[in-house]
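**Q** Residue numbers (our numbering): 2 to 345. For each residue, glycine too, the CB sits at the ideal point set by N, CA and C.
(1) Classify residue 216 as helix, strand or coil using the three-state DSSP reduction.
(2) Report yes if the C-beta distance between residue 146 and residue 28 is below 9 Å; otherwise report no.
(3) Could you tell me which whole alpha helix (DSSP H) segments of length 4 or greater appear in the stretch 6-60?
(4) Which of the three DSSP states, helix, strand or coil, is assigned to residue 270?
(5) Should residue 8 and residue 117 be called a contact, given that it needs their Cβ atoms to be closer than 9 Å?
(6) Tell me the DSSP secondary structure of residue 154 in three-state form.
(7) List, from N- to C-terminal side, the beta strand (DSSP E) runs of 3 residues or more that fit wholly inside the stretch 52-118.
(8) Going by C-alpha distance, which of 235, 278, 185 and 309 is nearest residue 249?
(9) Could you spell out where the beta strand (DSSP E) holding residue 232 opens and where it closes?
(10) Leaving out five residues before and five after residue 205 in sequence, what residues of the same chain have Cβ atoms less than 7 Å from its Cβ?
(11) If you compare alpha carbons, which of 82, 262, 220 and 22 is closest to residue 15?
(12) Counting pairs of Cβ atoms below 8 Å between the stretch 305-321 and the stretch 132-152, do you hit three or more?
(13) What's the gap between the Cα of residue 219 and the Cα of residue 195?
(14) Please classify residue 201: does DSSP put it in a helix, a strand, or coil?
(15) Using alpha carbons as the reference points, say which of 74, 133, 264 and 178 lies closest to residue 325.
(16) At which residues does the beta strand (DSSP E) containing residue 322 begin and terminate?
(17) Rounded to whole angstroms, what's the CA-CA distance from residue 119 to residue 95? Just pull it up for me.
(18) Let me know if residue 69 comes out buried or exposed under the rule of 16 or more other beta-carbons within 10 Å of its beta-carbon.
(19) Considering only residues of the same chain and omitting the five flanking positions on each side of residue 84, which have a CB-CB separation below 8 Å?
(20) Mapping DSSP to helix, strand and coil, what is residue 298?
(21) At what residues does the alpha helix (DSSP H) containing residue 332 begin and finish?
(22) Give the DSSP bridge partners of residue 162, in chain order.
(23) Suppose you measure from the CA of residue 2 to the CA of residue 159; what does that come to, to the nearest Å?
(24) So, is residue 25 buried or exposed, given that buried needs 16 or more other C-beta atoms within 10 angstroms?
(25) Hey, out of 223, 193, 111 and 51, whose CA is closest to residue 291's CA?
(26) Is it true that the CB of residue 200 sits closer than 9 Å to the CB of residue 152?
(27) Could you tell me if residue 343 is buried or exposed, where buried requires 16 or more neighbouring beta carbons within 10 angstroms of its beta carbon?
(28) Verify whether the separation of the beta carbon atoms of residue 332 and residue 88 is less than 9 Å.
(29) Going by the CB atoms, is the gap between residue 108 and residue 413 shorter than 9 Å?
(30) Would DSSP call residue 288 helix, strand or coil?
(31) Around the C-beta of residue 222, are 16 or more other C-beta atoms found within 10 angstroms, so that it is buried, or is it exposed?
(32) In terms of residue numbering, what span does the beta strand (DSSP E) encompassing residue 255 cover?
(33) Using 10 angstroms around the beta-carbon of residue 189, count the other beta-carbons present and answer buried if the total reaches 16, otherwise exposed.
(34) From 154, 330, 289 and 181, pick the residue whose C-alpha is nearest to that of residue 113; which is it?
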């Protein structure tokens, strides 16, 4: 009896980035990103009007300037770090067993193109790994949604496997520990801040099982089967796990949320509010982690690394150091390899 030698397909998916820093390309990216019903979860017509008549036209020029601050000769850091991760993963996995592709949820390379390449390779299974450690409908959920949208067009659909989160993976935690220790060895910090991308509170509540969500620190302090897919709970859990590995004093560890958009209430505490509180309390030296991001991007390099630093220093702080994202860190590559092998 002949053995099936078909490969297992692996699709790594990150958020996405404009094709360039030109205002037109940034506007195009914003429109695709914000028109996703899982990102701005309001009915289509008001969402279309909000995005196309207000946000994209007015925000694109400002965002283009922000993107120019982090663009390099290789282009967008989020893009080339994901490319480097993919290249290293290909070297680690057996090429006779795995076919690896990368994609972006928005813009290029698209999920459709990534899946097409895997399908063309006649893979027997596809493992989809959204590169977002904590599950959220607007990130992991959106990737899964898009993959299913594309796959249902096929006559033959291979076995599909989705990784919904990996906050507890020991190598993910070890990678952050390695990066954090490099900074801790050089400086005596007063506070350790873990800043995650924020979400509207309504999205957290919509995903609550049987209305369980309390949006409280007491609830999120315990990671249970009832709140295992609560994004806020997962973020607090991630902080605890990394802080434990680094043996950080509990009273010196803070979890907060950044990148608010609009006037609706988002999950708290807000990073900008925490900065003011720390400055008022006389905190001078802060080390910042952004464990919701595995590749440096606008939200890490510019928002946390530059804008928040400037605000903290203006308020009397002396040091605001940002631990870089995992990018193509070797331990992180081993983590992705381990996740893929576990799903195989």
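**A** Once the coordinates are examined:
(1) Assigned with DSSP and collapsed to three states, residue 216 falls in coil, not helix or strand.
(2) The answer is no: Cβ separation not under 9 Å.
(3) Correct list: 24-35 and 45-50.
(4) Three-state DSSP puts residue 270 in coil, outside helix and strand.
(5) Not in contact: residue 8 and residue 117 (Cβ atoms no closer than 9 Å).
(6) Three-state DSSP puts residue 154 in coil, outside helix and strand.
(7) Fully enclosed beta strand (DSSP E) runs of 3 or longer: 99-107.
(8) Of the listed residues, the one whose Cα sits closest to residue 249 is 185.
(9) For residue 232, there is no enclosing beta strand (DSSP E); the enclosing alpha helix (DSSP H) covers residues 232-247.
(10) The answer, listed in chain order, is 214, 216, 231, 232, 233 and 268.
(11) When only C-alpha atoms are compared, the closest one is 82.
(12) No contact exists between the stretch 305-321 and the stretch 132-152.
(13) Approximately 18 Å between the Cα atoms of the pair.
(14) DSSP, reduced to helix, strand and coil, places residue 201 within a strand of the structure shown.
(15) Cα-wise, what sits closest to residue 325 is 178.
(16) In the DSSP assignment, residue 322 falls within the beta strand (DSSP E) that extends over 320-323.
(17) For residue 119 and residue 95, the distance between alpha carbons rounds to 16 Å.
(18) Counting other Cβ atoms within 10 Å of its Cβ, residue 69 stays below 16 and is therefore classed as exposed.
(19) Within the same chain, residue 84 has close Cβ partners 103.
(20) DSSP, read as helix, strand or coil, puts residue 298 in coil.
(21) Where residue 332 is concerned, the enclosing alpha helix (DSSP H) stretches over 331-344.
(22) 128, per the DSSP bridge assignment.
(23) Low local confidence applies: a pLDDT of 42 at residue 2 is under 50, so the model's placement there is unreliable, with the coordinate-based value given in what follows. Rounded to whole angstroms, residue 2 to residue 159 spans 22 Å at the Cα level.
(24) Classification of residue 25: exposed, given that the 10 Å Cβ count is below 16.
(25) Closest by alpha carbon: 193.
(26) No, they are not a contact pair.
(27) Around the CB of residue 343, fewer than 16 other CB atoms lie within 10 Å, so the residue is classed as exposed.
(28) The answer is no: Cβ separation not under 9 Å.
(29) This structure cannot settle anything about residue 413, because the visible part of the chain is limited to 2 through 345.
(30) Residue 288 sits in a strand when the DSSP states are folded into three classes.
(31) That one is exposed.
(32) Its beta strand (DSSP E) spans residues 254-259.
(33) Result: exposed.
(34) For residue 113, the nearest C-alpha among the options comes from 154.
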